[in-house]
Amino acid sequence: MVLDPLSALGLAGNIVQFVDFACKLIAETRELYYSESGLSSKAETLDTITQDLRRLSDGLEVSSARGTSAAGPLIRTLAFDCKQLADDISRDIKKLQVSSKSKPHQRWASFRAALKATLGENTVLHLSARIDTLRNEVSIRMLSLLNDRQSEMLQSLQRIEIDNRILSMNRTSEFRSLKEQIVNAITDLQSDAQLEKGNIKEHFLHLQLDREISQRNVEALSQRLTSLSSLLAEFVTETRTVATEQMVLKSLSFPMLKMRVGQIPDAHPDTFGWIFADEFRTDSRTVSFIDWLASEDGIWWITGKPGSGKSTLMKHISSSRRAENELQKWANARGRKLVTASYFFWNAGTKLQRSQEGLLRSLLLETLCQTPELIHVVCGLKIAQFHPFQADADPWTRKELLNAFEQLGKQSSTTTSYFFLVDGLDEYQCAEEGTHDALVSLLQHLSQSDAIKICVSSREYTVFRDAFKGGHHLKMEDLTKEDIQRFVHVNLEESPRFRELAAEDDRYLALEAAIVDRSNGVFLWVFLVVKSLREGLTYADRISDLERRLNDLPKTLEDFFAHILDSVDKHYRVLAAQAFQVANQAAEPLDLIIYSFLDEEDANFALTLPVQPLTENEIQRRHEDMRRRLDARCKGLLEINQLTNYSSYGGPTTHYKVDFLHRTVRDYLFNAPDMQKMLRDRLPNNFSPQYQLCKAFLANLKTVKLPEKSTPKSPWTTKASAPVGRACDDSFTKSLHDFLFYAEELTYRFDNPPMELLAEAEKVTLERSGQRMKGKRTAFLGACIAHSLDQYLEYRIKDDPQLVNHRGHPLLDFALGMLAPTVLGMQNSIGWHEGTYFVNSPGIRPQFVKLLLQMGANPNQRYKDQTVWGRFMNRIRSDAVSISKTKDEVVFKDWSAPASTSKADVVTTLGLLVRHGANLDQEVVVKREWRPRRKDTGRAADLYGSSEVEVQTTAKARDIIAESVLEAEAEEIWAQIPRAKIGLAKLFSWIHGRLQ
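Using my numbering, read the sequence shown as starting at 1035 and increasing by one per residue.
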């Protein structure tokens, strides 16, 4: 658990409350009685004071986590001092109670008078001095917290403000206003303290002479302290709330979330106007889309041929002000707020770009960004699983997402109307979630609420036609003839030569009409034809040449693609086939620079390339060269898209991604048997896309520029130290993950791990990390464990047996899943790729545990402040869920598919560790507390120093196991104990423990 950086500030608020109470207690003149009988309502009793003191004292308990900023320990020291003061006052009250037993109706002018009469003047003076010192110190420490730029809390607040802007959460002004009020309140309090310093002797003299202290002064001070305490409480509550909201939103977000919609071309000016007409004819019916937007519910289905412009129309609707206005009428009629969200399926993308999980996460993310007030209600079960300042959140399950939408419908049925736009249902592809029927059922289920309406688009597959044709729908090719005519005219008119020739010869205008007539409503075909004709105009083609060119062009998209491929220069055909194959096998669209490395002629280029970051000029040259080469080889069937990413730390970064022109291109190249055969024939016999990608990413590892101001001091960052948003900007880290992913793919498919490339990648990683890698030679091998590269791991251990029990991070610790999710600095909420691309979390890997133990790994090896075995025991105790005792389900709540950890894995692993000497009697640290260690030298610097002492709570390993598994499973584990090594005393001790 990561320390909440606001804990110190919240603790300071509790200190202020206590100081306020103590000031009034020692200075007020209200009457005090020992007994309540017959007293006025203004009188106070010792029992009342004791109860208030106990309540305030509970708020001074120091967090068990140790602070990392300079101000945190100092605030905790003050809390410790306040706690001691509270204990001292409680002790004095007991003395008062004892002395008053003989006088049950004893009356004092005040608590101060009672202390003076019973315990003497020195007690009063000492308490007053301690309270005054604490009041001054808490002001100084709080200002330090709010102004120290190195303060973890201030850095967290700055990240929250930045993320507010990125997530479109308008909270920044609230934060700044609250912070200013707090600073002003502290400054005022300090000013009061300065004024009082000159009269401190007079103040004490008043106490000694038993003179009445001005009630007005006491009340003024109390008001300031109360106001400050309230502001602190409000600030901490508000900040934690927003941090939690941001954590939810970040856990829903994923890489490439908006990539697909960015690839879709904008609608051409003056096209698709018919969609907002009062009515139009389609599929032999007259319909009105705007009427449906403005007043009706349910689902509207947009269908059409491949390449007919469905996605472009959906993007046009999603960004249209007219559509928003009509939807607002629908929401207003029901007295509700309007919320819109969209998702564009893309079967060439990552798993979350083509799955129901990606759909639900995207829609929920956009919805909650617009209605943050619903986050805690809708995602309450999810929020209960994490801390607002932890490094990452557990992955969302389908059940959790569906439950969130159920809650959304329940909470918003009377307050909010939702419009969801979902493009490309036919591009849904996720076997574990079911077929297209399952997707249809999900959408129909969501649309049953009168608060939700959905516009969907797809090709005219039978499953969608059966589900949607009986309701609202339109067919693209029935309505786009005028749009196509306008597109053709405008794009040809952009050529000065065409304008000149058309003014002289009407046959040029007839050429436009011929294109429209032959299009059959397929925009993509028209786009390719116009591109070909404009190329002819560039070469001064005559009208007869253009007519012949049009007549020679194929009439269908599939034939057009074949025509384009046939037009590729024969010298480029092998290279084109390689580029298409790589694009098809890539887990996501690749950076243009990767294609540059793929294009190197030297087969050993990645191995011989020196480790040296590319200059900006070298990057630009490589980009320009690859643009030209891809254009010549692929003839536009692969296109380059410019994308800009934003993050809290890295700011905007530009990437050039290479992807297929359209889904139909990919479908044609890799689904049509003839095309598959043609590509295979053109490829070299030994060509492996995965191996080539490994080489390309190895080259990228050697040449990518490392982050200049990386807060994590190495790419092997643990989750506790990685700042939110930073790891995602580290191209080196991402390239390393990509390299390992394709190495894993190569091993899985062909049982042929790229051993030489892996060895070079390990060397490069160590070299580029430099001194930052001190003591972490095994980190790369830990990542290999996460990617199931067991052959390379075994090879390295045989080559260097000392790696098994290396004094740095033990490999066995990685195999037990203790740090592998973040070993390379990529955090689940921001940087881990989803599904089959990058493993969200490897969990326990029993096969690696067994391998390492057989090769001499020691489970009792110390790492950091515990043994590997102790760390594993601690994780079992803290993260095992209750259902593990009755069901064979995932045991660790943040380890999930595809490498989930089952009970069988846990029991097997525990047995292996016990068999190889894991110490069942080890005292495992299960709780830590850090308490101030004060130096009683009389010097203020020592009194409020930051030195702390650790207090630990432990439990035996065998007891942790017994609490975490079933009795039969525990017996299975005990059976693995090496019997020859068990002494009689230990055996009787164990039997006695089991009988208790």
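For every residue, glycine included, the Cβ atom is placed at its ideal position computed from N, Cα and C.
**Report entry** Beta-carbon spacing of ILE1324, MET1510 below 8 Å
**Finding:** no
Report task. Assuming ASP1033 and LEU1168 form a contact by the criterion Cβ under 8 Å, report the distance between their Cβ atoms to the nearest whole angstrom. Result -> With the chain covering only 1035 through 2030, there is no way to say anything about residue 1033.
Query - ILE1309, buried or exposed, once every other Cβ within 10 Å from all chains shown has been counted against 16 - result: Burial state of ILE1309 is buried, judged by a 10 Å Cβ sphere holding 16 or more other Cβ atoms.
Query raised in the report: Within 10 angstroms of its Cβ, does PRO1880 collect 16 or more other Cβ (buried), or is it exposed?
Result: buried
Requested in this report: Name the one or two DSSP bridge partners that ASP1625 has.
Outcome: LYS1691
Requested in this report: Give the DSSP-derived three-state secondary structure of TYR1377 in the structure shown.
Outcome: Secondary structure of TYR1377 (DSSP, three-state): strand.
Query - Residue burial classification, ASN1734 (beta-carbon count within 10 angstroms, cutoff 16) - result: buried
Query raised in the report: Could you check where the beta strand (DSSP E) with ILE1486 kicks off and where it finishes?
Result: 1486 to 1492
Query - Whether ASN1894 touches ASN1953 by CB criterion (8 Å) - result: Result yes, Cβ atoms of ASN1894 and ASN1953 sit closer than 8 Å.
Report task. Taking only the alpha-carbon atoms, compute the straight-line gap between ILE1486 and GLU1622 and give it to the nearest angstrom. Result -> 32 Å
Query raised in the report: Among LYS1691, GLY1842, THR1590, VAL1645, which has the Cα closest to the Cα of ILE987?
Result: Coverage of the chain is limited to positions 1035 through 2030, which leaves residue 987 absent and any answer about it impossible.
Query raised in the report: In whole angstroms, what separates the C-alpha of VAL1960 from that of GLY1332?
Result: A direct Cα-to-Cα measurement between VAL1960 and GLY1332 gives close to 53 Å.
Query raised in the report: Excluding sequence positions up to five away, which residues of its chain have a Cβ less than 6 Å from the Cβ of GLU1279?
Result: PRO1406, ILE1409
Query raised in the report: GLN1615 by DSSP, collapsed to three states: which one?
Result: helix
Query raised in the report: Around the C-beta of ARG1714, are 16 or more other C-beta atoms found within 10 angstroms, so that it is buried, or is it exposed?
Result: exposed
Query raised in the report: Nearest to SER1483 by CA position, among GLU1461, GLY1443, MET1290, is which residue?
Result: GLY1443
Requested in this report: Give a yes or no on whether the C-beta atoms belonging to VAL1556 and GLY1341 are separated by under 8 Å.
Outcome: yes
Query - Alpha-carbon to alpha-carbon, LEU1846 and HIS1350 - result: 54 Å
Query raised in the report: Per DSSP, which one or two residues make a beta bridge with PHE1454?
Result: ALA1375, ILE1488
Requested in this report: Look up TYR1782 in the DSSP assignment and say whether it is helix, strand or coil.
Outcome: helix
Query raised in the report: For SER1345, which residues from the same chain have a beta carbon less than 8 Å from its beta carbon, with the 5 sequence-adjacent residues on both sides left out?
Result: Closer than 8 Å at Cβ, skipping near neighbours: ILE1298, PHE1378, ASP1457, GLY1458, SER1491.
Query raised in the report: What residue range is occupied by the uninterrupted alpha helix (DSSP H) comprising HIS1506?
Result: Premise fails: HIS1506 lies in the beta strand (DSSP E), 1506 to 1509, not in any alpha helix (DSSP H).
Query raised in the report: Going by beta carbon distance, what residues of the same chain come within less than 7 Å of SER1322, once the five residues before and after it are set aside?
Result: ASP1312, GLU1313
Query raised in the report: Quick one: complete alpha helix (DSSP H) runs, 4+ long, within the segment 1622 to 1677?
Result: 1626 to 1632, 1639 to 1642, 1650 to 1668
Report task. Helix, strand or coil for LYS1339, going by three-state DSSP, please let me know. Result -> coil
Report task. Return yes when the Cβ of LEU1944 is within less than 8 Å of the Cβ of ILE2007, no when it is not. Result -> yes
Query - Whole-angstrom C-beta distance between ARG1667 and LEU1609, which should lie under 8 Å - result: 5 Å
Query raised in the report: Is it the case that the Cβ atoms of PRO1723 and GLN1888 are separated by a distance below 8 Å?
Result: At a Cβ-Cβ threshold of 8 Å, PRO1723 and GLN1888 do not count as neighbours.
Query - DSSP-derived helix/strand/coil call for ASP1899 - result: coil
Requested in this report: Give the DSSP-derived three-state secondary structure of GLY1904 in the structure shown.
Outcome: helix
Requested in this report: Would you decide whether GLN1051 is buried or exposed? Buried here means 16 or more other CB atoms lie within 10 Å of its CB.
Outcome: buried
Requested in this report: Count the other C-beta atoms from every protein chain shown that fall within 10 angstroms of the C-beta of PHE1454, then say buried if there are 16 or more, exposed otherwise.
Outcome: buried
Query raised in the report: Alpha carbon to alpha carbon, what distance is there between THR1642 and ALA1777?
Result: 19 Å
Query - Alpha-carbon to alpha-carbon, ILE1819 and TRP1929 - result: The predicted position of TRP1929 is uncertain, since its pLDDT is 32 and thus under 50; no value can be drawn from it.
**Report entry** Burial state of SER1285, where buried means 16 or more other Cβ atoms lie within 10 Å
**Finding:** By the 10 Å Cβ count, SER1285 comes out buried.
Requested in this report: Would you check if the distance between the CB atom of LEU1535 and the CB atom of LEU1584 is smaller than 8 Å?
Outcome: no
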